[in-house]
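The structure under discussion appears below in the form of structure tokens.
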Amino acid sequence: PERLLEVVEWAFGLAQTRCLEKDRKNSIDGLFQKLTPREKEICLFLSKGYTAKEIGRSLNISPRTAEIHRSRIMEKLTVDSNADLVSLAIAQGIRD
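Residue numbers for the sequence shown follow my numbering, so the first one is 2 and each next one is one higher.
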């Protein structure tokens with residue numbers, strides 16, 4: 002009976018962890034759905050480590066425009082740093 006209880010508790014813990022992971026993934030999906038196609042494109046460049054100047058050159062926009070996009074992306078994704086942005090992008094698979 003004691004071993005059975007341990008197994009049930011372990012299974013419950015595993016199920017709870019999976020539910021939390023699914024909730025987090027759904028939450029991230031919802032955040033990324035708020036981005037415009039252009040913001041998703043900029044996000045891809047940011048997640049690969051491009052600077053605003055490099056993004057501007059690649060997309061034929063000014064570095065300032067790239068910075069404005071970055072700022073809006075970070076606001077929509079509710080992140081405070083580029084590291085957090087990259088982490089979310091990786092979790093979303095946007096970096097691939």
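Glycine included, every Cβ here is placed at the ideal spot set by N, Cα and C. The structure presented is a predicted model; accordingly, all values stated were derived computationally and were not measured.
| Item | Value |
| --- | --- |
| Excluding five sequence neighbours on each side, which residues of the same chain lie with their C-beta closer than 6 Å to the C-beta of Ile74? | Glu40 and Cys44 |
| Does the separation of the CB atoms of Lys49 and Lys77 fall below 8 Å? | no |
| Reducing DSSP to helix, strand and coil, say where Asn83 ends up. | helix |
| Taking C-alpha atoms, which residue in Gly57, Asp30, Leu5 and Glu7 lies nearest to Leu89? | Asp30 |
| Does the beta-carbon distance from Phe46 to Ile56 come in below 8 Å? | yes |
| Residue range of the alpha helix (DSSP H) that Ile69 falls in? | Pro64 to Lys77 |
| Thinking just about the alpha-carbon of each residue, which of Tyr51, Leu60 and Pro64 is nearest to the one in Asn83? | Tyr51 |
| So Gly57 is in the alpha helix (DSSP H); what residue range does that whole segment cover? | Ala53 to Leu60 |
| Taking the alpha-carbon of Ala92 as reference, which of Ala67, Leu32 and Arg65 has the nearest alpha-carbon? | Leu32 |
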